[in-house]
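Participant:
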Amino acid sequence: MPCDICSAPRAPSIVSSSAMCEIVKRGFNPFTEGLIPDSLAWLATPETPYDWEKQVFNGVLSNTDWKVCDTCLAGIEKAGARSALTK
Ligand SMILES: [Zn+2]
75 MPCDICSAPR APSIVSSSAM CEIVKRGFNP FTEGLIPDSL AWLATPETPY DWEKQVFNGV
135 LSNTDWKVCD TCLAGIEKAG ARSALTK
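Our numbering applies: residue 75 is where the sequence shown begins, and numbers increase by one.
Shown next as structure tokens:
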């Protein structure tokens, strides 16, 4: 299954929607962390990171688990939101 954050082909980790909300509240954003690949990043506008956060709280993935790749997991860790994963 692809990563729900960056679309990488392999996403072995599962993050619950509530944990993902907490992670975002702690400041994680894949756009500002540079996790979005160039193939997708060129589509981004200045509003995209904000729109992405809204998706986390209210979008289709706000009620379901997120599939997350190792790179994004490392980004979450780098943003200091690692402890939110244990929730
Ligand atoms: Zn990813």
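Glycine included, each C-beta is placed from N, C-alpha and C at the ideal position. As the structure is a computational prediction, the values presented were derived from the model and not from experiment.
1) Suppose contacts are defined by Cβ-Cβ distances below 8 Å. Is F105 in contact with W126 by that definition?
2) Given 7 Å as the limit, tell me if A82 has its C-beta closer than that to any heavy atom belonging to ligand 1.
3) Give me the Cα-Cα distance between M94 and L109, rounded to the nearest whole angstrom.
4) Consult DSSP for I97 and reduce its assignment to one of helix, strand or coil.
5) Cα separation between I88 and Y124?
6) How many angstroms separate the CA atom of S90 from the CA atom of T122?
7) For V130, write down the residues that DSSP places opposite it in a beta bridge.
Facilitator: The relevant details are as follows:
1) yes
2) yes
3) 15 Å
4) helix
5) 23 Å
6) 22 Å
7) In the DSSP output, where bridge partners are listed per residue, V130 has none listed.
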